[in-house]
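> My structure is below; once you've seen it, I'll send some questions.
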Amino acid sequence: MIERVVHPYELQKALEHVIANKGSAGVDGVSVHEIRKRFTDKKLQLIEQIKTGSYQGQPILGITIPKGNGKTRLLGIPTTIERVLQQSVAQNLAPLFEPEFKPTSYGFRPNKNARQAVGQAREYIHKGLNHIVDTDLKNFFDEVDHCLLLNLVYQKVKCKTTMQLIRKWLKAPIKINGKLQKRRNASHSRTPKKQ
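Laid out in structure tokens, this is it:
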């Protein structure tokens, strides 16, 4: 799979996606306006590092954003280069997992959105159904057992280099107020239950 992830066509498609999404710069300060040149200059070096396993992921920039209820939420912003690489991985993972989703699953899926979910809910209400389940994935990646999740992904991917890259992103430290901090990982904080 890593050959597809680092293929020039896939990387270009990922780069265009990241630029179109806009977003803030990460810890390196490189904005989406600068990423085309920066990524082009570093692409061959990045590909070689990824293939040889020597690629080192960048820390994530942690910023606090306000929520509608007066509370705040910590948001992690990868560097723009990391976002391009992550997008290329996502582009290649999505076709493997998309068939597993139910048609009524609308979150973070191609050609699906919140407006469609609301429309589907209205349709169900008009049919007389009166139970709607809204699931919030708040803190999901902080709480999910990463080892279990990675094992499930590996069952489809079967590529150690791709998995190594994903692990590096999951373990990347977060920089909050100028200080690097390790991120929590539920797989390290839980003790297995004896049977």
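Each residue of the sequence shown is one higher than the one before, starting from 22 at the first, in the working numbering. Backbone N, C-alpha and C define an ideal beta-carbon position, used for all residues, glycine too.
DSSP three-state label for L95, please.
strand
> Can you tell me the Cα-Cα spacing of P124 and E144, whole angstroms?
14 Å
> On a Cα-Cα basis, can you pick out the residue from Q185, K196 and G199 that is closest to Q77?
Q185
> Checking 8 Å against the spacing of the C-beta atoms, do L82 and G47 come in under that value?
yes
> Candidates S109, K64, V51 and I84: which alpha carbon is nearest N198's?
I84
> Please state if the CB of K189 and the CB of P80 are separated by a distance shorter than 8 Å.
no
> Helix, strand or coil: which one does DSSP assign to P120?
In the structure shown, P120 sits in a helix (DSSP, three-state: H, G or I).
> I'd like the list of long-range same chain contacts for K64, defined as Cβ closer than 7 Å, with 5 residues on each side in sequence excluded.
L32
> Measure the C-alpha to C-alpha separation of P213 and R204 and round it to an integer number of angstroms.
With a pLDDT of only 37 at P213, under 50, the local geometry of the prediction cannot be trusted, and the value read off the model is given with reservation. Rounded to whole angstroms, P213 to R204 spans 21 Å at the Cα level.
> Per the contact definition of three or more C-beta pairs closer than 8 Å, is the segment 95 to 115 in contact with the segment 47 to 61?
yes
> Let me confirm a value: A193 is counted as buried when at least 16 other C-beta atoms fall within 10 Å, else exposed. Which label applies?
buried
> State the Cα-Cα distance for the pair H167 and N113, rounded to the nearest angstrom.
20 Å
> Suppose you measure from the CA of Q70 to the CA of I187; what does that come to, to the nearest Å?
14 Å
> What runs of the beta strand (DSSP E), each 3 residues or longer, lie entirely inside the segment 128 to 208?
195 to 197 and 200 to 202
> Check P80 in the structure and name its three-state DSSP category.
coil
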